[in-house]
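Working notes, structure below.
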Amino acid sequence: MSRARMTLSIALAAVTIVSSIGLHAEEGPSPYSAWSIGAFGERIGTAGLVIAGSGSQTEIYVASRSGYPGNHDYFFSVRRIPGSTQYEQLFISDAFTKELRRLALFHTPVAARPLAVAVAFADGSIQLYDHVTKKLLGTDTDPCGTHTGLLTMTTRDLDGDGWDEFVSLCKDGAVAVHGYTYPSWVLAGSGSLFSGDIITGQMDDDPAIEIAVTSGRVIDADTHLVQWTWAAKFGAHLQAADIDGDGRDELIAAEPWYTVFAYDVERQLPKWSIPTAIDIGAILVNDIDADGVQELLLGDGQWGKIHAYSTATQLEEWFITNPEHGVTNIAVGDVNNDGLKEVLWGAGASSTGSDRLYVANWVTRAITWQNEQLDGPFLGPEVGDLDGDGFAELVYVSTSSEAGYDSGRIVVVDSRTMKVRNVSAGIAGGLYGWTGVHDLKLRDVNNDGRPEILIAGDWLYDGLIEAYSFNTLNQFTLTWTNATRPYGQPFYGVEVADIDGDGTLEVLGSGGREHTGATGVFIYAYDAVTHGEKFHTLQIGPYWSTVSGLVVAQLDDDPALEFAGLIDGGGVYVFDGVTRALDAIIDVVGASMSAIKPGFGLKGLLVGTTTGHVGLWTFNGVNYSETGGWNFGTKPINGVQLTADGALAVGSDGAVHVLREGALYHSANYGVGFGRSLLSMGGGRVLLSGGEHGVHALIVHP
374 MSRARMTLSI
384 ALAAVTIVSS
394 IGLHAEEGPS
404 PYSAWSIGAF
414 GERIGTAGLV
424 IAGSGSQTEI
434 YVASRSGYPG
444 NHDYFFSVRR
454 IPGSTQYEQL
464 FISDAFTKEL
474 RRLALFHTPV
484 AARPLAVAVA
494 FADGSIQLYD
504 HVTKKLLGTD
514 TDPCGTHTGL
524 LTMTTRDLDG
534 DGWDEFVSLC
544 KDGAVAVHGY
554 TYPSWVLAGS
564 GSLFSGDIIT
574 GQMDDDPAIE
584 IAVTSGRVID
594 ADTHLVQWTW
604 AAKFGAHLQA
614 ADIDGDGRDE
624 LIAAEPWYTV
634 FAYDVERQLP
644 KWSIPTAIDI
654 GAILVNDIDA
664 DGVQELLLGD
674 GQWGKIHAYS
684 TATQLEEWFI
694 TNPEHGVTNI
704 AVGDVNNDGL
714 KEVLWGAGAS
724 STGSDRLYVA
734 NWVTRAITWQ
744 NEQLDGPFLG
754 PEVGDLDGDG
764 FAELVYVSTS
774 SEAGYDSGRI
784 VVVDSRTMKV
794 RNVSAGIAGG
804 LYGWTGVHDL
814 KLRDVNNDGR
824 PEILIAGDWL
834 YDGLIEAYSF
844 NTLNQFTLTW
854 TNATRPYGQP
864 FYGVEVADID
874 GDGTLEVLGS
884 GGREHTGATG
894 VFIYAYDAVT
904 HGEKFHTLQI
914 GPYWSTVSGL
924 VVAQLDDDPA
934 LEFAGLIDGG
944 GVYVFDGVTR
954 ALDAIIDVVG
964 ASMSAIKPGF
974 GLKGLLVGTT
984 TGHVGLWTFN
994 GVNYSETGGW
1004 NFGTKPINGV
1014 QLTADGALAV
1024 GSDGAVHVLR
1034 EGALYHSANY
1044 GVGFGRSLLS
1054 MGGGRVLLSG
1064 GEHGVHALIV
1074 HP
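With the sequence shown counted from 1, adding 373 to any position gets you the numbering used here.
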């Protein structure tokens, strides 16, 4: 494909990102991503799993947490891909630096924004997001913030004015109620709580809504008084529903183990009980089969099932086997637009294994969809025409998968539709990439005119480079790997170039010591044709070094290429590509590095330090000196790059910062690794990077 055609393809991809979420140039830059795709995370649904919308616009909102090393909470939305059985992420929030306690829907009488998503945090702050645009509408403060924090929250229109109120259970046991048109009040608690639930319902014969908490109290929302206390308490999980057709909601309460009770709040007596075999992870009451009788859906807390009991007869009607450990939450709704409700649940949070969101057909008892678990931080994206069809693909890779039990996996996205074309099997044979994936590049290794996907990682700690082709049938094929693997030295960087000018490409890998048996820390060069090692450099850095950065570029005054390796937390070693001799050591405490690309009228290296500084290092005829510098706070610069229009973009402390003509842009926090890889598209208008729980596209220029 011609360079002009590729440039057009990349530009169209950038336009697709913008138009797919309805943004326009005049809106200007936003700190939040315009498009995201990535991980379903861990503890799926523990803090909330809700369904909103109708028909083809039905969305699933999921609270989640990224795994090690970030462990930041976040939430995302999922919707079925029309005409398929698959689901895709539509939105991924930024990485929250505080604990997410509950995700719920919030209704308003405002015609333009009738539905929002409320996200409540342990510190008592609540963020509201528009259901349609996913834009942050504002932040509210819950009274639980002054009652040792918020434990959980639900929403309900208590006064009938069309606005939902926030009904919260505080960590000191207090119940707090507040809203935008509602005078707040707090009912004091009786002691510190580490867990609990809260629910609202019309549970007796007076017109007021009741509020029930697992500590055993039922509160009148109008008088703010406790109207009934059940001394034995209500257990761990609460629901409220009219299960007998008397016009009043019964209180359904599940104990942590063995029993679910239904209580008649008007009579202040238990109505029935259902025994269970093991502990209880989650409950939901819903008339899923539309027969006029509510079903109690009960999720086992360990290996087990989703059970459906008739609330009329207390008999089990059916069950669906849960393939993972435990159930975090249950939701019911028509999420595939077939006119019937599906059962959804989160699982796996109570084990060290995989975490899943399941969608199941309750009629056939079959699971119809489940997510893949890809573990961040994500590397990339890179862009290139992998299959030779004249259109670019976006490629990114996960560090690992299946909660770290499987290797990283490659994801290819169609740049015209921004839909996932395929996800690879785990690299390194699936099970043998013990340290994870450390670098991703698209390079034409075999000179066929199309780039391959190169991965740097390890095979049982030994340095591994793999190259995969990708075709129009969405198939991955392993086409290249190094013939010999450096013992105990995972590769942290990969590049491809004819560094010595002999007409044959070299595949370079930069290593890091994983254990004491490793022979050292080097940059290796492999013959792209024979796969064999051509040479390796001298020992780089001290004993426990990691060469985390690797670039190939023309850096000095001679015509030969140089290759440079950055020691993580140390200096930059610059080698002559022809002689392989060490030309220079740049004495910095480095964290990231990139070479100035041709077209900027300048040769040199951008080096980000561990203390927030970016230096421009250029050859002065003898050595390299810093000829320009910029400061971006005090945290490590984990990525640095010039955008297509010459702006300086860096990644630091979970955010991307762009310096353009004296103006500084800051993105929201997208967690560990965000900004390490920086892909500039659309003439510098769009910037993409992988982070802790996804790949995000930022609009950084109007």
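The C-beta atom is built at its ideal place from N, Cα and C for all residues, glycine as well.
Note that the coordinates shown come from a computational prediction; the quantities given were computed from them, not determined experimentally.
Residues that residue i bridges to, as DSSP identifies them
i: Phe356; result: The question about residue 356 has no answer, for the chain in this structure spans 374 to 1075.
i: Leu837; result: Gly830
i: Pro413; result: The question names Pro, but residue 413 is Phe in the sequence shown. Note: Phe413 sits in no beta bridge, so no partner.
i: Met966; result: Val980
i: Trp630; result: Asp652
i: Ala870; result: Glu879
i: Gln1014; result: Ala1022
i: Cys543; result: Leu523
i: Gln612; result: Ile625
i: Pro643; result: Tyr636
i: Ala739; result: Asn734
CB contact flag (residue i, residue j, <7 Å)
i: Asp503; j: Ala489; result: yes
i: Val1013; j: Ser1053; result: no
i: Ile465; j: Gly411; result: yes
i: Val951; j: Thr982; result: no
i: Leu827; j: Val785; result: no
i: Gly1063; j: Tyr841; result: no
i: Phe413; j: Leu717; result: no
i: Ile913; j: Gly874; result: no
i: Phe634; j: Pro648; result: no
i: Ala901; j: Val818; result: yes
i: Asp1018; j: Gly1057; result: yes
i: Gly428; j: Asn710; result: yes
i: Leu928; j: Phe843; result: no
i: Pro580; j: Ala609; result: no
i: Gln500; j: Thr481; result: no
i: Arg590; j: Thr602; result: yes
i: Ala1022; j: Ser1040; result: no
i: Gln575; j: Asp534; result: no
i: Gly876; j: Pro824; result: no
Alpha carbon of residue i to alpha carbon of residue j, nearest angstrom
i: Thr632; j: Arg782; result: 42 Å
i: Leu978; j: Asn996; result: 13 Å
i: Asp637; j: Asp707; result: 30 Å
i: Asp1026; j: Phe1047; result: 8 Å
i: Glu399; j: Gly1024; result: For Glu399, the pLDDT reaches just 43, beneath the cut-off of 50, and the residue's location in the model is therefore unreliable, although a value from the coordinates is still provided. Distance between the alpha carbons of Glu399 and Gly1024: 25 Å.
i: Ser393; j: Leu1032; result: Residue placement at Ser393 cannot be trusted, given a pLDDT of 45 that sits under 50; the coordinates are not used to answer.
i: Val987; j: Thr521; result: 42 Å
i: Lys508; j: Lys792; result: 22 Å
i: Ser780; j: Lys814; result: 17 Å
i: Leu396; j: Ile417; result: In this predicted model, Leu396 has a pLDDT of only 41, less than 50, meaning its place in the structure is not dependable enough to derive any value.
i: Arg452; j: Tyr916; result: 49 Å
i: Ile321; j: Arg1049; result: This structure cannot speak to residue 321, because the chain is shown only from 374 to 1075.
i: Gly985; j: Ala495; result: 31 Å
i: Gly882; j: Gly440; result: 27 Å
i: Phe948; j: Asp956; result: 5 Å
i: Thr737; j: Asn744; result: 20 Å
i: Val391; j: Glu775; result: Unreliable positioning characterises Val391 in this predicted model, as indicated by a pLDDT of 49, which lies under 50. The coordinate reading is nonetheless provided below. Looking at the two C-alpha atoms, the distance is approximately 31 Å.
i: Gly905; j: Gly761; result: 28 Å
i: Asn847; j: Asp821; result: 18 Å
i: Gln862; j: Gly497; result: 46 Å
i: Asp467; j: Trp1003; result: 26 Å
i: Leu1060; j: Pro754; result: 10 Å
i: Leu713; j: Thr458; result: 15 Å
Contact belief for residue i with residue j at Cβ below 8 Å, rounded distance in angstroms
i: Leu478; j: Phe448; result: Actually they do not touch by this definition, with Cβ atoms about 12 Å apart.
i: Ala614; j: Gln667; result: 5 Å
i: Gly809; j: Thr854; result: Contact doesn't hold; Cβ gap of about 17 Å is too wide.
i: Arg438; j: Glu415; result: 5 Å
i: Glu697; j: Ala720; result: 4 Å
i: Ile653; j: Ala681; result: Not a contact, Cβ separation roughly 14 Å.
i: Thr701; j: Ala655; result: 6 Å
i: Leu611; j: Ala594; result: So it is not a contact: roughly 15 Å between Cβ atoms.
The segment 828-836 contacting the segment 856-869, beta-carbon criterion three pairs below 8 Å: yes
When you compare the segment 524-536 with the segment 422-431, are there three or more beta-carbon pairs, one atom per stretch, that lie closer than 8 Å? no
Tell me, please, whether the segment 541-552 touches the segment 561-574 by the rule of three or more beta-carbon pairs shorter than 8 Å. yes
Can we say the segment 749-763 touches the segment 719-726, given the rule of at least three CB pairs closer than 8 Å? no
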